Amino acid sequence: MTLLRYAAFLGLAIWIGGLAVLAGIGAPTVFEALIARDPVAGRELAGLLFGTMLERFQYVAWGSAAVLFLSLGLRAAIGPRPRHTALRIWAVVLMLAISLVTVFVIIPAIDEIRGAIEGAVAALPAADPRRMAFGRWHGLSSGLMLLTIGLGLGLGWAEVHDPH
């Protein structure tokens, strides 16, 4: 049972820690460094770079989801069943769904907007519908990332406070 709990903690640490590092250190550093060299092209390049990093990280997230599902499922089957098992499983399902939406909906939508523009998104007028759509997709992506981190922290809290 201890090994299964450890696996759950490890899966959460990799998933949530990875997202937190990407959002809190990776993105700001990449954007700051590249924008310092060229405000418009640097922002565009930073967005492309971070988008690629985020997309590749989602495969890690999927592996972490598998570890969490396996840990929760085996612990429920072997016993004692973790408290609020169904709620925890639904939290992982939601986190995984967010990851899938990021890869298969949000990133392609952002890439489509970028592909339809000559030059950088940041060079478009603020009222341009393409720039506004880009901003909405970016905001959705950021919000979903924060939701995933919050759900993961909640799962970690539940794990720490579970006597089983």
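Using our numbering, read the sequence shown as starting at 142 and increasing by one per residue.
Think of the CB as a built atom: it goes at the ideal place given N, C-alpha and C, for glycine as much as any other residue.
These numbers were taken from a predicted model, which means no experiment stands behind them.
Check	Outcome
If you pair each beta-carbon of the stretch 178 to 188 with each one of the stretch 253 to 271, do three or more pairs fall below 8 Å?	yes
Excluding the five sequence neighbours on either side, which residues of its own chain have a C-beta within less than 6 Å of the C-beta of Gly297, listed in chain order?	Leu153
Using beta-carbon positions only, say whether Ala206 and Leu235 come within less than 8 Å of one another.	no
Which residue wins for smallest C-alpha separation from Glu196, given the options Ala299, Leu288, Ser282, Pro304?	Ser282
Where does Ala267 sit, in a helix, a strand or coil, going by DSSP?	coil
According to DSSP, is Ile219 part of a helix, a strand, or is it coil?	helix
Look at Gly159 and Val201 and say whether their C-beta atoms are less than 8 Å apart.	yes
Note down the Cα distance separating Arg277 from Gly284, rounded to an integer number of angstroms.	10 Å
Sort Gly293, Thr143, Tyr147 by Cα distance to Ile239 and report the nearest one.	Gly293
Taking His302 and Pro221 to be in contact with their CB atoms under 8 Å, please state how far apart those CB atoms are, rounded to whole angstroms.	Going by Cβ atoms, the distance from His302 to Pro221 rounds to 15 Å, so no, they are not a contact pair.
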